Amino acid sequence: MTLKQLEAFYWAATLGSFSLAATRLHVTQSSLSKRIAELEDDLGSALFDRTGQRAIPTDAGLRLLDHAAHMLEVESRIRSDLGGGPVRGSSRFGISELIATTWFPNFVARVQREHPHLALEPQVDLTNGLLRKLERGELDFAIIPGPATSAALASEKIGELEYCWMAAPQRLAKGTMLRAQHFQEHPVITLSPEAGLAQAFERWLAAQQLQIPRALTCNSLTALIALVTAGLGISFFPRRYVEPYVRAGKLVELASDPPLPRLTYCFHWRAADTRRAVASLRGISRETADFTLTAPLVPAL
Numbered sequence: 171m172t173l174k175q176l177e178a179f180y181w182a183a184t185l186g187s188f189s190l191a192a193t194r195l196h197v198t199q200s201s202l203s204k205r206i207a208e209l210e211d212d213l214g215s216a217l218f219d220r221t222g223q224r225a226i227p228t229d230a231g232l233r234l235l236d237h238a239a240h241m242l243e244v245e246s247r248i249r250s251d252l253g254g255g256p257v258r259g260s261s262r263f264g265i266s267e268l269i270a271t272t273w274f275p276n277f278v279a280r281v282q283r284e285h286p287h288l289a290l291e292p293q294v295d296l297t298n299g300l301l302r303k304l305e306r307g308e309l310d311f312a313i314i315p316g317p318a319t320s321a322a323l324a325s326e327k328i329g330e331l332e333y334c335w336m337a338a339p340q341r342l343a344k345g346t347m348l349r350a351q352h353f354q355e356h357p358v359i360t361l362s363p364e365a366g367l368a369q370a371f372e373r374w375l376a377a378q379q380l381q382i383p384r385a386l387t388c389n390s391l392t393a394l395i396a397l398v399t400a401g402l403g404i405s406f407f408p409r410r411y412v413e414p415y416v417r418a419g420k421l422v423e424l425a426s427d428p429p430l431p432r433l434t435y436c437f438h439w440r441a442a443d444t445r446r447a448v449a450s451l452r453g454i455s456r457e458t459a460d461f462t463l464t465a466p467l468v469p470a471l
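So, in structure tokens, the structure goes:
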């Protein structure tokens, strides 16, 4: 019995899939299957019911699962207590577009200094899509609006953003106080419902008992800014993030009563995942996260 065999078994049982476990461990599916088969031979028990499509542990597998989790946690603690040196391997994780275009390069630089043998594999997507992948075990962590609502996930706040309404100056004057009538007259452009920001906006609308008869959606924050600067409607952005567009006269800030709520960003990870790599990257994200950075000003085409 080896740690690699226990690791292969643990992730296959946890994720319910040999394919996902192989992807998580960055090995081929045949290599992962071989490790599990060798473990079964060593223990003299079948660990998975192979009659279905999912990797369902047998009774023996269920009894082994807690032991395997404990062994992997002990290994992680030993490496952490003894220094362990730089983390090796790879880490697949999710971030929002806002993070990708602001402080993410600083995060990468810090990781490369401290863990030069750790390969980063980021995925940029909207909140709900990343949460689904994280819950399935396809990602190690995700830095997105939070906190987590699933019992399978843990989360830690790393920052928050102040939002305000914006429009192109040709559509509404700077400082316009938005009333119910404005939402009838001007299309509201938002990210799709998959975004955490869109969900926060829906809660704000419900609290104000407002209806939006004309709404446009897109899946890119950069595209959303472009649509608003073109004068196609109004929207809401992180105040600091769009400062370059305000200074350039492409956007003006509007007012609302009450103002839009702040949006909290969190580092999310699987609650049962105690690996040193995840803990180290959580610490680095906490120390490098800077939500005061602004968006790059994209010139008009």
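So for the sequence shown, my numbering puts the first residue at 171; every next one is plus one. Ideal Cβ placement from N, Cα and C applies to all residues, glycine included. Computed from a predicted structure; not experimentally measured.
Span of the beta strand (DSSP E) around residue i
i    : result
Q199 : Counting along the chain, Q199 falls outside any beta strand (DSSP E), though it belongs to the alpha helix (DSSP H) covering 199-213.
P363 : Taken as a continuous stretch (DSSP letters only), P363 belongs to no beta strand (DSSP E), as it is neither H nor E.
P408 : 405-408
T434 : 433-440
P414 : Counting along the chain, P414 falls outside any beta strand (DSSP E), though it belongs to the alpha helix (DSSP H) covering 413-417.
A312 : 311-315
L288 : 288-294
Continuous alpha helix (DSSP H) stretch holding residue i: start and end
i    : result
Q369 : 366-378
Y180 : 173-185
E330 : Segment 323-331 is the beta strand (DSSP E) holding E330; no alpha helix (DSSP H) there.
L304 : 297-306
Backbone CA spacing between residue i and residue j [nearest angstrom]
i    : j    : result
Y415 : K174 : 52 Å
E305 : L391 : 24 Å
A343 : R258 : 54 Å
G186 : L380 : 43 Å
P466 : T271 : 7 Å
V281 : H356 : 45 Å
C490 : P408 : Nothing about residue 490 can be reported from this structure: the residues present for the chain run from 171 to 471 only.
R445 : L424 : 46 Å
F179 : R205 : 8 Å
D310 : R440 : 7 Å
L217 : P227 : 6 Å
A289 : L451 : 12 Å
A192 : A183 : 12 Å
L471 : L268 : Note that L471 scores 41 on pLDDT, short of 50, meaning its location in the model is unreliable; the coordinates nonetheless yield the value given after this. Straight-line Cα distance between these residues: approximately 22 Å.
T473 : V422 : Residue numbering for the chain in the displayed model covers 171 to 471; residue 473 lies beyond these limits and cannot be assessed.
C388 : V398 : 12 Å
S261 : S246 : 16 Å
C436 : I328 : 5 Å
A442 : A322 : 8 Å
N276 : P431 : 27 Å
V278 : S325 : 21 Å
V412 : A418 : 10 Å
R233 : L375 : 49 Å
T346 : D460 : 30 Å
M241 : T319 : 28 Å
E457 : F274 : 12 Å
Backbone secondary structure at residue i - three-state DSSP
i    : result
Q381 : coil
Q351 : helix
E457 : helix
T542 : As shown, the chain starts at 171 and ends at 471. That puts residue 542 outside it, with no answer to give.
Q282 : helix
D427 : coil
L471 : Because the pLDDT of L471 is 41, which lies under 50, any placement of that residue in the model is unreliable, and the question is left without a value.
P229 : Pro is not the amino acid found at residue 229; the sequence shown has Asp there. D229: helix per DSSP, three-state reduction.
A337 : strand
D443 : coil
L195 : helix
T464 : coil
Contact test: residue i Cβ vs the ligand NAD heavy atom, cutoff 6 Å
i    : result
T464 : Of ligands this structure carries none, so the ligand NAD is not represented either.
Please go through the stretch 240-276 and give each complete alpha helix (DSSP H) segment of 4 or more residues, from N-terminal end onward. 267-270
Should the stretch 331-349 be regarded as contacting the stretch 392-407, the criterion being three or more beta carbon pairs within less than 8 Å? yes
Any 3 or more C-beta pairs closer than 8 Å across the stretch 288-307 and the stretch 358-374: yes
Would you check if there are 3 or more beta carbon pairs closer than 8 Å linking the stretch 345-356 to the stretch 445-465? no
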